[in-house]
Amino acid sequence: MLRPTLRSWANLLLIPVISLQIMTGAKALKKETIDISIIEQSDTLIPYMTTSQRIQFLKLEAAIEDAKSKRRSGLYLAETKTSTFDPGRDIKSIVNRGEQMIESADLSIWTYQKELVSLLSTVDAHKAAKEIIKEARFDYVLKSSTFEGAMATQCQQLLEKCWLLGYEILFFDGVFTQDNEGTHPADSRLRNVFYDTLTNIDGTKFSVTIPVDFRLKADTIGKSSQIFSYKNKVIFEKDKKALLAIELIRPKRSSTGLLSLRAIDLDTQLIAVQQIVKVDDLAVALSIEDDMLEDGLLTQVTLRDRTNTLEALSRLADDYIYEIEPTDPTNEVADMLTNTLLNQTNLQISDSDFILRAYGESLDLPDSWEGQANARLLIAEGDGANNYKLSAQSNGSDRTLHCGELTLSRIPAEQITEVE
């Protein structure tokens, strides 16, 4: 009989001790402040949650509401007053019970809110990471190579992409050089080197063809999509055709430059394929001898469109065809912009600028001719060196839309090996 009695007394003594520990723990936890401001962002963060995170979020929300409901019940009991109808009633136990319910609910609310803040913080970090990736989606570093390597690799990729798009005839009408003095046909040596490279890759497909007497027809400008004439035109009438535009672009006083290869659809004058690469020895390839030349081509391209205008324009891609208009006399900036837009958007980009530079200089053409384009992407000088402001404008409109800023820079030497 003695042992059970002692055990009962021990249990009775432990109860208040345990209750005191719980109450003390709850008070201690309450003193740790939690910044719950992120909870106000819940609605904006929900779209970025995974399925399991949404389930956890809903459970925590429900648990917090349940704890708040219990706290309200406890508050009701804790505020119990002596009734005039039953003045002798002992309300102390009711008040104590209410206070315990409040403390228990406060502990639950604190715990669940802490878990909710942790969950939302994780989602917010994931959201920020996705936004950084999205913001940098236009950025890239231009690869570099020797002239021989660039020519072989880029011609291979150009033809393969054209074949995938179903082009049966690829007209080769020469190679052009571009510098601060304008656009000029390259010498026969460069023309032959490129032609031999292309035909070797082409093999038995026989898609690479030289059009006879290939000319721009001034009388069709603005009236027809068939703006070129050539003597053997009837032979290729039913074939899907593109013009291979090959340009070697050298910035002023630079030993390096840009090899730009494009396939221009002959029916639409749209750029179907583009390949660009930095040529480390372009001056040598062009037989330019000058010991004072330096590497003048910047290869790190950064485009920031914080208003997402380009994304909005992409949703209207079927309605507009754009001509890129640079302010520079040389077009390396336009080519670098074109490259990222073709890769990261579905904008339709016309190459009427090249057509005019390469084929229209000696012709009497209307100043306003822009090929099939009905809108322009304007490149203007920005606030700093090698910084450019981009804007879009539809033909016939005075309104322009800011599309972001393009910055060209030199990749740090320690990163070059990693990129290559």
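Okay, so the sequence shown: first residue is 108 according to my numbering, each after it adds one. For every residue, glycine included, the Cβ atom is placed at its ideal position computed from N, Cα and C.
Here M399 is exposed: its Cβ has fewer than 16 other Cβ atoms, across all protein chains shown, within 10 Å.
A straight-line Cα-Cα distance of about 36 Å links I395 and K312.
Contact annotation: Q285 and E354 have beta-carbon atoms nearer than 8 Å. Counting C-beta atoms within 10 angstroms of its own C-beta, A487 has fewer than 16 neighbours from the protein chains shown and is therefore classed as exposed. Taken through DSSP and simplified to helix, strand or coil, E488 comes out as strand. When the alpha-carbon of I143 is set against those of R178, V224, K177 and T189, the nearest one is in V224. Nearest Cα to T452 within the set D294, Y337 and E418: E418. Residue range I276 to F279 is occupied by the beta strand (DSSP E) that includes F279.
P358 is the residue among T375, P358 and L410 whose C-alpha sits nearest the C-alpha of D388.
Bridge partners of G181 according to DSSP: none are assigned. The count of Cβ pairs closer than 8 Å, one atom from the stretch 400-419 and one from the stretch 443-451, reaches three, so the stretches are in contact. As the crow flies, the alpha-carbon of E172 is around 14 Å from that of S211. Using a 10 angstroms sphere on the CB of V319, the tally of other CB atoms stays under 16, which defines it as exposed. Between N493 and L350, the CB-CB gap reaches or exceeds 8 Å.
Boundaries of the alpha helix (DSSP H) around I308: S295 to D309. DSSP places R244 outside both helix and strand once states are collapsed to three, so it counts as coil. Around the beta-carbon of E430, 16 or more other beta-carbon atoms lie within 10 Å, marking it buried.
One Cα belongs to N203, the other to I153, and the distance between them is close to 40 Å. Between the beta-carbon of Y183 and that of G205 there is about 7 Å, and that keeps the pair under the 8 Å contact cut. V384 is classed as buried because its beta carbon has at least 16 other beta carbons within 10 Å across all chains shown.
Residue environment: S361 is assigned as buried (16 or more neighbouring CB atoms within 10 Å of its CB, all protein chains considered). Where N494 is concerned, the enclosing beta strand (DSSP E) starts and stops at N494 to S501. Boundaries of the alpha helix (DSSP H) around Y466: S459 to Y466. Taken through DSSP and simplified to helix, strand or coil, R161 comes out as helix.
Remark: C-beta atoms of V315 and F301 do not approach each other more closely than 8 Å.
Collapsing the DSSP output to three states places Q207 in a helix.
Listed in chain order, the non-local C-beta contacts of A424 below 8 Å within the same chain comprise T452, N453, L454 and Q455, local neighbours out to five positions each way being set aside. In the DSSP annotation of this structure, the continuous segment of the alpha helix (DSSP H) that includes T447 starts and ends at E439 to Q451. If you draw a straight line from the Cα of S498 to the Cα of R244, it comes to about 18 Å.
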